Amino acid sequence: MTASPMVNRLLIGLLALLAFVPLYAQWAGEPFLITFLSRVLIFALAALSLNIILGFGGLVSFGHALYLGLGAYSVGLLAHYQIDNGWLQLLVTVASCAVVGLLTGWVSLRTTGISFIMITLAFAQMFYYLFVSLKQYGGDDGLSISLKSDFGFIHLGSPITLYYAAFALVALVLWWKQRMIQAPFGLVLQGCRMNEARMKSLGFPTLRYKLSAYVLACVIAGLAGLLYANLTGYTSPAYLNWTISGELIVMVVLGGMGTVAGPLIGTLVLLVCEELLKAWTSHWPIILGPLIVLVVMTARRGLVGYLMRGKSSP
Amino acid sequence: MTLSLFLIQLLNGLQLGVLLFMLSAGLTLVFGIMNFVNLAHGCMYMMGAYFAATALAASGSFIVAAVVAVLGGGLLGIVIERLMAQHLYMRDHLDQVLATFGLILFFNELARWIWGASPVFMSVPPALSGTVSILGVTYPMYRFFIILVGLLCAVGCWLLISRTRVGMLIRAGSVNPTMVSALGVNIGLLNALIFSLGGALAGVAGLMSGPILSVQPGMGEPVLILVMIVIVIGGIGSIQGAFYAALMVGLIDTAGRAFLPMLLREFIDRSIAQAAGPAIASMLTCIFMATVLALRPRGLFPVKNG
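If you read the protein sequences in the order shown, they are chains B and W. For the first sequence, counting from 1, position 32 maps to 32 in the working numbering; every step adds exactly one. For the second sequence, counting from 1, position 33 maps to 1033 in the working numbering; every step adds exactly one.
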């Protein structure tokens, strides 16, 4: 599916707006805005990565928070031993996410449907319990990170640097995905979603394609985790919890599955909604839960799908 | 000493196993027949426990609590089915996951709102507070009672599924629901019945685990994960599979929790071993599931579709 010019214009406008937010926040003296939008960008990065497998591959992974957590713990554990070298943390993030993604993906991609949903969930919970049990690293309470990642010329301790790092990664992934969906790899992946038996009979090793996409998505989610640990200065098993995986799916679906811009818009809308509800009542999930149910039951193609209605077939 | 410890852990494993069975029996039918992913099943369990705790506090009678939990769970099942689930049967799994995820957020927060975030206390009924002696091992009577109730539920399910007309329709529905409805069976009614049956069983599980676990918001989800593992191992849609898989998962989980820390203590520091035990135990069940799936992607006791 190619995005309509209107959605493209909206996306470029949104990105341009986001690029100037730190300047505005500095001028208006609202540091909260930077923190909040950094969180939006980081979760958008994770949601964008989930969309690779969920939207284009049609694989409902309910354990994507696992990789967010692995990225966050790569920072947390190294910082715990006074290692703030960002490149080393990046290496650990990428390596751990790729290895775990490859192993769990290899097992879970053999199944489809309900089994796939549940096996990804189970793997994520397995690591959740693992981190809860690591009492020497804070266990349930998590680890606070005093040393932020230092990449030499970039130091993620500064909120504005962190914001632009997240922004650059989101823009990069958006650009890459725009190209990927038209490249052979993206086309095969989408073919697997539509009719895997047919792709197989055409001679494509579908498992290999799906596994590549899965591992790639895991690594990008790990990068989001690395940034998130730097943003909050803290890492805990809660980052791996299944509720985060669920929220990531909501972000993707709300924005529009299988669209390039969808996850970014979905994340922005969901997190703004959450903030507004939080300001209103401390029992905000009571309203958010039924809202999600309502969105699922009425708007089937997400916000981007709504904007594109009548312009192209799904 | 070692033998008695082993026996106690065996009974503990059985007790967890039958609790898991009560939760997975209803859910596996919902998965198998309606092809519906119901993540909110843990909520019915949680609400069942809260209903029971509230009824027990108000009336002081465990029997009243039991009736309230079963009826409450069953009613909740029907309400969820009629209001939401029935509109999603034909949609893909993703929509079902999302909608039931929304329900989980709602119910957990509702419980926190009504009953507060701290655990609600539920006492063991006085008649069951003693101990029983089994093969020279003293075991809490209440836990033994759980095993009995669980086995009774299993027998009841088996009778219902294999000996009654409704059970026949359920079995037929799990093989080919379209054909069943084409033969003039009101499949909508059957679905609602299965949902409420699952809710009632979840209510029983909530009632029984109330006095031994803490009744608190979010208590359904850790159990839900185990229940899903059970269903995947047992084969989606198979009650028989759910029973055997529940016992296996219960025993593996309990044995891992009980014996792994002891084993680990031989190699690493005591406090770390104590903490790592539960994690490795929960990993054991996941590894068990992964092995089963790798060898038999449709579970150990698959329902023959076709």
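Backbone N, C-alpha and C define an ideal beta-carbon position, used for all residues, glycine too. Just so you know, these numbers come straight off a predicted model, no measurement behind them.
query: Short-range partners of chain W found in the segment 102-121 of chain B, where Cβ spacing is below 7 Å; result: 107, 110, 111, 113, 114, 115, 117, 118, 119, 121
query: Pick from 44/B, 69/B, 29/B that is closest to residue 18/B, judged by C-alpha positions; result: 44/B
query: Per DSSP, the bridge partner or partners of residue 1137/W; result: 1134/W
query: Assigned exposure category for residue 1066/W - 16 Cβ within 10 Å defines buried; result: buried
query: N-terminal and C-terminal residue of the alpha helix (DSSP H) that residue 329/B is part of; result: Given that chain B is displayed from residue 1 to residue 314, the structure contains no residue 329/B and the question cannot be resolved.
query: C-beta neighbour in chain B for residue 1102/W, strict 8 Å; result: yes
query: Simplified DSSP state of residue 1/B, which is helix, strand or coil; result: Note that residue 1/B has pLDDT 47, beneath the 50 cutoff, so the model's placement of it is unreliable and no number is given.
query: Backbone secondary structure at residue 1186/W - three-state DSSP; result: coil
query: is_contact[residue 246/B, chain W] using C-beta, thresh 8 Å; result: yes
query: Per-residue contacts from residue 1297/W into chain B (C-beta, under 9 Å); result: 110, 111, 112, 115
query: Minimum C-alpha distance to residue 1071/W - residue among 1299/W, 1170/W, 1095/W, 1050/W; result: 1050/W
query: DSSP state of residue 1041/W mapped onto helix, strand, coil; result: helix
query: Extent of the continuous alpha helix (DSSP H) run through residue 141/B; result: Taken as a continuous stretch (DSSP letters only), residue 141/B belongs to no alpha helix (DSSP H), as it is neither H nor E.
query: Endpoints, alpha helix (DSSP H) assigned at residue 204/B; result: Unbroken run through residue 204/B: none, as it is neither H nor E.
query: Which of helix, strand or coil DSSP assigns to residue 1164/W; result: coil
query: Touch test, the segment 95-103 of chain B against the segment 142-161 of chain B, Cβ-Cβ under 8 Å, three pairs minimum; result: no
query: Contact list for residue 290/B against chain W, beta-carbon separation under 8 Å; result: 1102, 1106
query: Element boundaries [alpha helix (DSSP H), containing residue 177/B]; result: 159-180
query: The segment 1189-1201 of chain W in contact with the segment 1081-1101 of chain W per 3-pair CB rule at 8 Å; result: yes
query: Neighbour-count burial assignment, residue 1257/W, 16 or more Cβ in a 10 Å radius; result: buried
query: Assigned secondary structure, residue 281/B (DSSP; H/G/I helix, E/B strand, else coil); result: coil
query: Outcome for residue 1253/W when other beta-carbon atoms lying within 10 angstroms are tallied against a minimum of 16; result: buried
query: 8 Å contact criterion, which residue 149/B and residue 89/B should meet: CB distance rounded; result: 5 Å
query: Option nearest residue 1283/W by Cα separation, candidates 1226/W, 1146/W, 1209/W; result: 1226/W
query: Span of the alpha helix (DSSP H) around residue 1109/W; result: 1093-1115
query: Coil, strand or helix - residue 80/B by DSSP; result: helix
query: Interface positions of the segment 1035-1049 of chain W facing chain B (Cβ-Cβ less than 7 Å), listed along the chain; result: 1037
query: Exposed unless 16 or more other CB atoms sit within 10 angstroms - verdict on residue 141/B; result: exposed
query: Endpoints, the alpha helix (DSSP H) within which residue 1240/W is located; result: 1239-1265
query: CB contact below 8 Å: residue 1306/W versus chain B; result: The predicted position of residue 1306/W is uncertain, since its pLDDT is 39 and thus under 50; no value can be drawn from it.
query: Own chain residues within Cβ distance below 7 Å of residue 1230/W, not counting five before or after; result: 1020, 1024, 1242, 1245, 1246, 1249
query: Cβ contact (3+ pairs, closer than 8 Å) linking the segment 205-223 of chain B and the segment 30-40 of chain B; result: no
query: Proximity below 8 Å, CB of residue 1174/W to CB of residue 1029/W; result: yes
query: Residues sharing a beta bridge with residue 306/B, DSSP; result: Answer is none; residue 306/B lacks a bridge partner.
query: Chain-order list of residues whose beta-carbon lies under 6 Å from that of residue 307/B (same chain, five-residue window excluded); result: 7
query: Candidates 1154/W, 1151/W, 1180/W, of which the one nearest residue 1165/W by Cα; result: 1180/W
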